[in-house]
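Quick note: to get the numbering used here, add 416 to the position in the sequence shown (first position is 1).
Ideal Cβ placement from N, Cα and C applies to all residues, glycine included.
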Amino acid sequence: DNPFQFLGGPFDFRLIDFGAELAIVVTVLWIVGMINSINFIDGLDGLSTGISLIAAVTLGIVALTLQLTDVAVLCAVLAGALAGFLPWNFHRARVFIGTTGVYAVGYSLAVLSILGVGKVAVAMLVLGVPIIDTFWIIIRRLSSRRSPFTPDRGHFHHRLLDLGLTHRGAVLVIYGICGLLALLSLVLSGTGSLYAFMGVVVGGGLVLYLMTRRSREALDARTYEAQEPTEALTVEAAEAEREREALATGTDSRAHRPEA
């Protein structure tokens, strides 16, 4: 009912009219692309949840500046749900969002950015990490004559882990990058398109540089093709790991489990 017919470009209040036919195509591509971007970045505990929380808050603030109260309320609802879920999903996760949850969050962010008078440029900058990560992964896999959906260790968060960061540290670094991009989008909101475009280029360039930087395991390209991706631990694996740590430290792991 609300096709992607107008695009606020990029951060000012001028609108680009796609026309009715092209609007439907762009809408479908944007929603599908956003869903897959959030899904691809969901490789570490709390990563996709935290990034989506930052994006929802930013889109809500932009909606308020445009006096779009309904959109701002929906963004607040999504942000509240994610904020309540994040403590349980952060490393070491006790509850997992799952594929269905990731798809729902990605769809919600895509639609909210469209409802916000096409302020998709804000969403593209705030979600620069998952968007560029998805684009880069697809290009790299296709260039290697592999399916874009073939798992490997070439994601941005895997590169950070290979650089020596801990699970929690890698997630916090990506949070920081997304937070800076969110702040940049708010500062540039309402300014000239040239400055906004420069901000997108600088932010995207930083992410690409970090992704393509040679890490210890990146010295051998076959490493990323052979290893399975480091996905979020399943409930059983997380419980087993806590049991092993408890035995090593002489503590009772059951003391740390939440009450049913």
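Asked, Found
"Assuming the contact rule is C-beta atoms closer than 8 Å, C594 and V542 should be a hit. Round their C-beta distance to whole Å, please.", "6 Å"
"Given S524, which residues of its chain have a CB within under 6 Å of its CB, disregarding the five upstream and five downstream residues?", "L494"
"Restricting to Cα atoms, I'd like to know which of N455, A439 and T465 is closest to N505.", "T465"
"Just tell me which of L438, H571, D458 and A509 has its CA closest to the CA of R556.", "H571"
"Which residue wins for smallest C-alpha separation from I467, given the options L599, D549, I590 and L600?", "I590"
"What does the alpha-carbon distance come out to for the pair I457 and L558?", "18 Å"
"Pick from W552, L597 and L602: whose alpha carbon is nearest that of S453?", "W552"
"How is L576 classed by DSSP in three states: helix, strand or coil?", "helix"
"Measure the beta-carbon distance from H507 to G449 and round it to whole angstroms, keeping in mind my assumption that it falls under 8 Å.", "So it is not a contact: roughly 27 Å between Cβ atoms."
"Can you tell me whether DSSP reads A509 as helix, strand or coil?", "coil"
"List the whole-angstrom C-beta distance separating I451 from A526, where the pair is believed to meet the contact cut-off of C-beta under 8 Å.", "7 Å"
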